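The numbering of the sequence shown is our numbering, which starts it at 1 and goes up by one.
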Amino acid sequence: MTIDDLYELKIVDEPCVDPAGVRVAFTVTALDREADEYRSQIWIWDSRGGGLIRLTSGEHRDSRPQWSPDGSQIAFISKREDADDARPQIHLISVHGGEPEQLTRVEFGVDAFEWSPDGSRMLFVSSTPEREERDTDVRLITTARFRGDGSGYYDDRFKQIYVLDVATRRIRQLTEGPFDHVQATWTPGGNEIAFVSNRSEGWEFSQVRDIYLVKAESGIVRRLTDGSGQWSLPSWSSDGSQLVAYGTRRLDSGSPRNELFRISLTGAQPESLTSDLDVDFRDASISDWNGYPFGPAVWIGDDELLTVASVRGLVRPVTLDMESGNLQYRAPEAGRFGNPRPLHDGTLVATYTDFVQPGELVQLRPDGSFEQLTHFNDQWLDEVELSMPERLDVTSPDGIEVSGWLLRPPGLDEDEAAPLLLEIHGGPFGMYADTFMHEFHLLAAQGYAVLFMNPRGFGRPRR
């Protein structure tokens with residue numbers, strides 16, 4: 001392993017299943033050394049034996065593919081204009097290929113979007129200034145939340161929800177005010193949009209995040225949750241009668257366990273569906289290579305939810321029966337799975353990575369086994385020598401088991417010595433996990449043994 005291997009690796013990510021549950025759109029990302037940029041294309045895998053098709057090409061970063069409700073088109077976010085100050089916008093392409101059509105040209109770009117159930121509209125989130133732009137190089141800061149990693153200065157811009165008419169390209173702004181409105185999703189009827197925000201004075205100093213509804217025509221907003229917790233990523237049942245979200249009421253904790261909640265549509269308190277499970281419902285893994293985006297829970301039928309859970313250094317797809325509370329793991333105790341989605345035949349599709357696998361698309365069978373569907377990193381894996389870490393579970397003085405791993409240099413015998421590096425992660429609210437780490441393999445290739453442990457308190461066995 002060398003530093004330059006970063007330019008040979010591919011990131012396979014963002015699987016999205018078509019409405020028929022047959023085809024999967026996903027992205028493949030590589031690093032462009034000369035341009036110092038990421039390049040991503042959209043690919044399609046057909047479960048009926050159609051193989052792999054590359055849908056987009058060129059020196060762009062195409063991301064977040066979403067199928068139209070009729071399955072004939074895919075919308076995605078990309079920055080394809082030549083201007084230096086170009087921002088990511090929504091584009092649309094036929095599933096049969098061709099030149100993508102740009103749908104939006106909003107000043108500060110598009111952060112996220114979603115098709116309406118009937119395919120006639122899209123909601124999207126974009127930043128909007130709350131004050132007029134001034135012709136000066138003096139930066140005026142009026143809020144405590146003024147800058148973010150990867151985002152730069154906010155300049156009093158707040159994330160607002162817009163609705164785009166796909167046919168006419170007409171755009172309407174639905175929300176307003178000095179608050180961020182994020183994680184928006186249509187109700188199944190297409191009349192309202194659920195989103196996450198804190199629209200209270202002093203929200204910058206609060207951990208509370210509530211779920212709201214806004215009417216798609218009038219823009220009237222009402223709050224669904226009671227201000228007692230932090231809720232995220234709402235997801236609707238197919239008939240619109242139920243809403244679930246991740247969340248916690250433990251606002252005094254720096255890293256509370258993420259639970260699944262049923263959110264009342266009538267104003268009652270949110271009901272935890274997983275309070276008795278010592279499981280964190282999120283991808284809490286730390287990786288320097290691939291960061292699978294964490295999405296809303298997926299409904300399977302009327303009473304089962306599909307998501308991922310972080311447990312003892314693993315990220316595994318799980319299904320939760322909402323009535324019985326039964327939790328079923330849908331994959332073996334290995335690796336890190338991302339964004340599991342159901343297919344028409346009862347199998348699941350997901351992304352997968354482990355200590356010696358940079359990441360591919362896989363299909364999970366009902367018996368828990370899985371098959372690798374893509375092979376974008378196979379050639380590179382044939383050319384390098386990687387060591388498999390040895391798991392070291394250590395018992396702390398109070399009897400709690402803490403997970404860790406020892407990575408030896410390639411070719412080192414067990415009775416041979418090597419200089420030892422201890423890798424300590426920050427937070428400590430994430431976890432080292434069975435996922436690809438370029439840095440660790442690079443150090444091992446230089447002759448170091450690498451010991452990486454999780455802090456006490458994460459991944460405890462249930463009592």
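Virtual Cβ for every residue (Gly too), placed ideally from N, Cα, C. Since the model is a prediction, treat every value here as computed from it, not as a measurement.
Option in PRO332, ASP398 and GLU192 with minimal Cα separation from SER369: To locate residue 369, count along the sequence shown from 1; it is residue 369. Measuring from the Cα of SER369, the nearest candidate turns out to be PRO332.
Kindly list the residues whose CB is nearer than 8 Å to the CB of GLY359, restricted to its own chain and excluding five residues on each side of it in sequence; keep chain order. Reading the sequence shown from its first residue, position 359 is the one you call residue 359. Closer than 8 Å at Cβ, skipping near neighbours: LYS10, ILE11, VAL12, ASP13, TRP289, ASN290, THR351, TYR352, THR353, ASN377 and PHE436.
Cβ-Cβ separation, GLN160 to ASP226 (assumed contact under 8 Å), whole Å: One-based indexing of the sequence shown puts residue 226 at position 226. One-based indexing of the sequence shown puts residue 160 at position 160. Rounded, the Cβ-Cβ distance is 24 Å, inconsistent with contact.
With 16 other CB atoms within 10 Å as the buried threshold, where does PHE205 fall? As a working note, residue 205 is residue 205 in the sequence shown. With fewer than 16 other Cβ atoms within 10 Å, it is exposed.
Starting from the C-beta of ARG139, find all residues in its chain whose C-beta is less than 8 Å away, skip the five residues before and the five after it, and write them out in chain order. Against the sequence shown, residue 139 aligns to sequence position 139. These residues qualify, in order along the chain: TYR153 and ASP155.
Can you name the start and end residues of the beta strand (DSSP E) that ASP354 belongs to? Taking the sequence shown and counting its residues from 1, one reaches residue 354 at position 354. Where ASP354 is concerned, the enclosing beta strand (DSSP E) starts and stops at 348-354.
Contacting residues, own chain, Cβ-Cβ under 7 Å from LEU392 (five flanking each side not counted): What you label residue 392 is simply residue 392 of the sequence shown in a count that begins at 1. Taken in chain order, the residues that qualify are GLY404, TRP405 and LEU406.
3 or more residues per run - each beta strand (DSSP E) lying fully within the segment 317-392: 327-329, 336-342, 348-354, 357-364 and 370-372
Taking the beta carbon of ASN326 as the centre, do at least 16 other beta carbons fall within 10 Å, making it buried, or is it exposed? For this step, residue 326 is matched to residue 326 along the sequence shown. Burial call: exposed.
Three-state secondary structure (DSSP) of LEU443: Taking the first residue of the sequence shown as 1, we reach residue 443 at position 443. In the displayed model, LEU443 falls within a helix according to three-state DSSP.
Where TYR432 sits in the DSSP three-state scheme: For this step, residue 432 is matched to residue 432 along the sequence shown. Here TYR432 carries a coil assignment [DSSP, helix/strand/coil].
For ARG169, tell me which candidate among ILE90, SER197 and GLU8 has the shortest Cα-Cα distance. In the sequence shown, residue 169 corresponds to position 169, counting from 1. Considering only alpha carbons, the answer is ILE90.
Taking just the CA atoms, how far does ARG64 sit from PHE113? What you label residue 113 is simply residue 113 of the sequence shown in a count that begins at 1. What you label residue 64 is simply residue 64 of the sequence shown in a count that begins at 1. Approximately 9 Å, taken between the alpha carbons.
Between which two residues does the beta strand (DSSP E) carrying VAL67 extend? Within the sequence shown, the letter at position 67 stands for residue 67. Per the sequence shown, residue 67 should be read as Trp rather than Val. 63-67 is the extent of the beta strand (DSSP E) around TRP67.
Relative to the C-alpha of ALA194, which candidate in GLU304, THR248, GLU133 and PHE124 has its C-alpha closest? Position 194 of the sequence shown holds residue 194. Closest option to ALA194, Cα to Cα, is PHE124.
Nearest by alpha-carbon distance to GLY260: which of PHE452, ASP252 and LEU243 is it? Along the sequence shown, one-based indexing puts residue 260 at 260. At residue 260 the sequence reads Leu, which differs from the Gly that was named. Measuring from the Cα of LEU260, the nearest candidate turns out to be LEU243.
Buried versus exposed call for GLN357 [16 or more other C-beta atoms within 10 Å across all chains shown]: Working through the sequence shown from its first residue, we reach residue 357 at position 357. Its Cβ being crowded by 16 or more others within 10 Å, GLN357 is buried.
According to DSSP, is GLU204 part of a helix, a strand, or is it coil? One-based indexing of the sequence shown puts residue 204 at position 204. Note: GLU204 maps to helix in three-state DSSP.
With a 10 Å radius around its C-beta and 16 neighbouring C-beta atoms as the bar for buried, classify PRO19 as buried or exposed. Walking along the sequence shown from the start, residue 19 turns up at place 19. Its Cβ having fewer than 16 others within 10 Å, PRO19 is exposed.
Using CA atoms only, rank isn't needed, just tell me which of PRO178, GLU217, ARG209 and HIS181 is closest to GLU192. The count along the sequence shown starts at 1 and reaches residue 192 at position 192. Taking only the C-alpha atoms, the option nearest GLU192 is GLU217.
Measuring CA to CA, which of SER264, ILE220 and LYS79 is closest to TYR38? Taking the sequence shown and counting its residues from 1, the one referred to as residue 38 is at position 38. Checking every option, the nearest Cα to that of TYR38 belongs to LYS79.
Can you pull the DSSP bridge partners for LEU55? Within the sequence shown, residue 55 is the residue found at index 55, counting from 1. LEU55 is not bridged to any residue.
Return the first residue and the last residue of the beta strand (DSSP E) that GLN89 is part of. As a first step, residue 89 is located in the sequence shown; it is residue number 89 there, counting from the start. Where GLN89 is concerned, the enclosing beta strand (DSSP E) stretches over 89-94.
Of all the options TYR448, PRO419, ARG316 and PHE146, which has the alpha carbon lying nearest to the alpha carbon of ALA433? As a first step, residue 433 is located in the sequence shown; it is residue number 433 there, counting from the start. When only C-alpha atoms are compared, the closest one is ARG316.
Have a look at GLY21, SER116, GLU81 and LEU92 and flag the residue whose alpha-carbon is nearest the alpha-carbon of THR56. Taking the first residue of the sequence shown as 1, we reach residue 56 at position 56. Residue LEU92 is the option with its Cα nearest to THR56.
Using the DSSP secondary-structure output, state which residues sit across from THR307 in a beta bridge. Numbered from 1 along the sequence shown, position 307 holds the residue referred to as residue 307. The partner list for THR307 (beta bridge, DSSP) reads VAL318.
Taking MET453 and SER285 to be in contact with their CB atoms under 8 Å, please state how far apart those CB atoms are, rounded to whole angstroms. Counting from 1 along the sequence shown, the entry for residue 453 is found at position 453. Counting from 1 along the sequence shown, the entry for residue 285 is found at position 285. Wrong, their Cβ atoms sit about 15 Å apart, outside the cutoff.
Taking just the CA atoms, how far does TRP231 sit from LEU251? Taking the sequence shown and counting its residues from 1, the one referred to as residue 251 is at position 251. Taking the sequence shown and counting its residues from 1, the one referred to as residue 231 is at position 231. Approximately 11 Å, taken between the alpha carbons.
Going by other Cβ atoms of all chains shown within 10 Å of its Cβ, with 16 needed for buried, is THR307 buried or exposed? For the purposes of this step, residue 307 is taken as residue 307 along the sequence shown, with counting starting at 1. Taking all protein chains in view, the Cβ of THR307 is crowded by 16 or more other Cβ atoms within 10 Å, so the residue is classified as buried.
Give the single residue among ARG341, ILE44 and THR104 whose Cα lies nearest to the Cα of PRO296. Position 296 of the sequence shown, counting from 1, holds the residue named residue 296. The shortest C-alpha separation from PRO296 is found at ARG341.
Please report the straight-line C-alpha distance between VAL22 and SER72, rounded to a whole angstrom. Taking the first residue of the sequence shown as position 1, residue 22 is located at position 22. Taking the first residue of the sequence shown as position 1, residue 72 is located at position 72. Distance between the alpha carbons of VAL22 and SER72: 13 Å.
Tell me whether the beta-carbon of VAL24 lies closer than 8 Å to the beta-carbon of SER40. Your numbering for residue 24 matches position 24 in the sequence shown. Your numbering for residue 40 matches position 40 in the sequence shown. Cβ distance not < 8 Å, so VAL24 and SER40 don't count as in contact.
For PRO366, the nearest candidate out of LEU343, ILE77 and PHE355 (CA to CA): By one-based count along the sequence shown, residue 366 stands at place 366. Comparing Cα-Cα distances from PRO366 to each of LEU343, ILE77 and PHE355, the minimum goes to LEU343.
Limits of the unbroken beta strand (DSSP E) element including GLN183: The residue labelled residue 183 in the question sits at position 183 within the sequence shown. First-last of the beta strand (DSSP E) with GLN183: 182-186.
Alpha-carbon to alpha-carbon, GLU8 and GLY109: For the purposes of this step, residue 109 is identified with residue 109 of the sequence shown, where counting begins at 1. For the purposes of this step, residue 8 is identified with residue 8 of the sequence shown, where counting begins at 1. In a straight line, the C-alpha of GLY109 is about 30 Å away from that of GLU8.
Can you grab the Cα-Cα spacing for the pair ARG463 / GLY427, in whole Å? Residue numbering aside, residue 463 sits at position 463 when the sequence shown is read from its first letter. Residue numbering aside, residue 427 sits at position 427 when the sequence shown is read from its first letter. Low local confidence applies: a pLDDT of 37 at ARG463 is under 50, so the model's placement there is unreliable, with the coordinate-based value given in what follows. About 25 Å.
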